[in-house]
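Below is one structure; the comments refer to it alone.
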Amino acid sequence: MGVDAASAFERYRAAVYGWAYRVLGDHHDALDVTQDVFVTWWRVHRENGAPAHPIGWLRTVTINRAINLFKTRGRVRSLEGEPVSDLAATGVDREVVAGALAGLPEMQRAVLFAKVYDGCTFAEVAEQLDVAVSTVKTHYVRGLQSVRRALGAAGVIAMEMG
Amino acid sequence: MMDCQRVESLLADYLGGELSTPEQAAVDDHLAECKRCSADVRSLTATLDALGQLDAGSFERSAAVIPMRRGTWRQGLAYAAVLMIGCMVGWVMKPADPAALPTGGSTTQTDVERGGGRSFDGASFVDAKGRPDSFRRNAYLLFKAFRGGS
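Here you go:
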C-alpha cells in the first residue's frame, strides 16, 4: 500500500504542485500544500484504500487545501499590508482571480481546474469526479459565470451586456 | 439558424472547445447576429483568458531545496512524511526509466534483485530528462539520516 502512495507521489507531485501554485502564486506555500496533500493521501490510502479516481481526488483535495491556505494567507497579508499578487507582468491580479475561484463551490472549482488547466474533456472530468457529463457541463458554465461576476466586479474584465 | 436557447444549451461545449465543426459554425453564425449571446460569450471567453493566465509555476524550481524554515513541528512532520514517500520511490520501486537512476556514484542492484529495494550511495539524482531531481535526493538523504547514515 505504501508503494502505491509512493508511486502516486512520484507520478502526480508536479501536477499537485501546479494546481496549488495556480491558486497561491507562492512557491513555498505551493510546496507546503503539495506535501500536505501527499501526507493526506498516504494516511487515507493506508486507512481507507486508494481513491477510485486518483487525479480527481488529488485535484479536489489540492485545490481545497490551497484555497484554505489562500484565505488564511490573504487575511494575514492583508493585515500586514503586504500585497500577495505577483501577476502584474501578465496584467491579471492573482488575488482577484484566486479569490474568485475561492468563492466557488467545490465541484465548480474542480471542474474548472480540470477543464481550464489540465485540458481534460468533459467526459474525462466526469469520470474523474464520478458524475454525469451533463453535470460537469453545468458546473463548468456556472463556475465560469460566477468567476465572471467576481472579475467583472473587480474590474478585471468588462461586463458587457448585449 | 440556431436560436438563443439552443446556443445556451451548447455553451459549455462551445467554450470548452468540444463542439463539432458544423455545430461550432452554426453557433458562430448565431453569435454574429445576436448581440446578447455574443456579449455573453465574449465576457465568458475573457473570463477563461483571465483564468488561463494563472501561472502553474515550475516544479523544477520548487524541487531545488526543500525549505524547513517554517518552523512548526507539524510541518516538520509533514515534510518528513512526504520525504519518506519520495524516498520509498527510489528505495522500493524500480524506476521504469533507467535514466531516473542516480548518477555520479555506484548503484547497488542486488537489493532490487532480492525484491527488497536498492541502496544508493550517489549524491546526485536526475530525472528522466537528465535534470537534477533534488526532491528525490533530499528524500534519500533524510531517509539515510533516519537510518543512522547507513
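As they're listed, the protein sequences go chains G and Z. Just so we're aligned: the first sequence equals residues -14 to 147 in the working numbering. Just so we're aligned: the second sequence equals residues -1 to 148 in the working numbering. Think of the CB as a built atom: it goes at the ideal place given N, C-alpha and C, for glycine as much as any other residue.
What residue does the alpha helix (DSSP H) around residue i start on, and which one ends it?
i	result
G:Val110	107 to 114
Z:His28	19 to 31
G:Gly84	79 to 87
G:Glu32	12 to 33
Z:Gly14	Counting along the chain, Z:Gly14 falls outside any alpha helix (DSSP H), and DSSP gives it neither H nor E.
G:Phe(-6)	-13 to 9
Z:Val5	2 to 7
G:Arg125	Checking the sequence, you will find Tyr at residue 125 of chain G rather than Arg. Run containing G:Tyr125: 118 to 138, per the alpha helix (DSSP H) assignment.
G:Gln161	Summary: the structure shown does not reach residue 161 of chain G, with chain G confined to residues -14 through 147, and so no result is reported for it.
Residue i CB to nearest chain G CB: under 8 Å?
i	result
Z:Asp17	The question names Asp, yet the displayed sequence has Leu at residue 17 of chain Z. Not one chain G Cβ lies under 8 Å of Z:Leu17.
Z:Ala10	yes
Z:Ala44	yes
Can you find a CB in chain Z that lies within less than 8 Å of the CB of residue i?
i	result
G:Leu31	According to the sequence as given, residue 31 of chain G is Arg; it is not Leu. Not an interface residue.
G:Ile52	no
G:Lys56	no
G:Tyr125	yes
G:Ala143	yes
G:Glu67	Note that G:Glu67 scores a pLDDT of 47, beneath 50, so its modelled location is shaky and nothing firm can be said.
Between residue i and residue j, which are expected to be in contact by the criterion C-beta below 8 Å, what is the C-beta distance as a whole number of angstroms?
i	j	result
Z:Gly14	G:Phe107	6 Å
G:Tyr149	G:Leu97	Because chain G here runs from -14 to 147, residue 149 of chain G falls outside it and cannot be looked at.
G:Val22	G:Thr47	5 Å
G:Val8	G:Ala99	At roughly 14 Å, the Cβ-Cβ gap does not stay under 8 Å, so G:Val8 and G:Ala99 are not in contact.
Z:Ala54	G:Tyr102	7 Å
G:Lys122	Z:Ala24	The Cβ separation is near 18 Å, so there is no contact.
G:Leu43	G:Tyr(-3)	6 Å
G:Val81	G:Leu16	Going by Cβ atoms, the distance from G:Val81 to G:Leu16 rounds to 24 Å, so no, they are not a contact pair.
G:Arg58	G:Asp14	6 Å
With a threshold of 8 Å between beta carbons, is residue i in contact with chain C?
i	result
G:Ala143	The question asks about chain C, but that chain is absent: this structure's protein chains are G and Z.
**Request:** Output, in sequence order along the chain, the residues in the region 20 to 42 of chain Z whose CB is closer than 8 Å to any CB in chain G.
**Result:** Cys32, Lys33, Arg34, Cys35, Ser36, Ala37, Asp38, Arg40, Ser41, Leu42
**Prompt:** Name the residues in the region 94 to 109 of chain G whose C-beta lies less than 8 Å from a C-beta of chain Z; which are they?
**Reply:** Leu97, Lys100, Val101, Tyr102, Thr106, Phe107
**Message:** At a CB distance below 7 Å, what residues from the region 1 to 16 of chain G approach chain Z? Give them in sequence order.
**Reply:** Against chain Z - using a Cβ distance shorter than 7 Å - the residues of the region 1 to 16 of chain G are Tyr2, Gly3, Tyr6, Arg7, His12, His13, Ala15, Leu16.
**Request:** Identify each residue in the region 126 to 137 of chain G for which the Cβ-Cβ distance to at least one residue of chain Z is less than 8 Å, and report them in chain order.
**Result:** Val126, Leu129, Gln130, Val132, Arg133, Leu136, Gly137
**Asked** Between the region 80 to 91 of chain G and chain Z, which residues of the former have CB atoms less than 9 Å from a CB of the latter, in chain order?
**Response** Listed in sequence order: Val81, Val82, Ala83, Ala85, Leu86.
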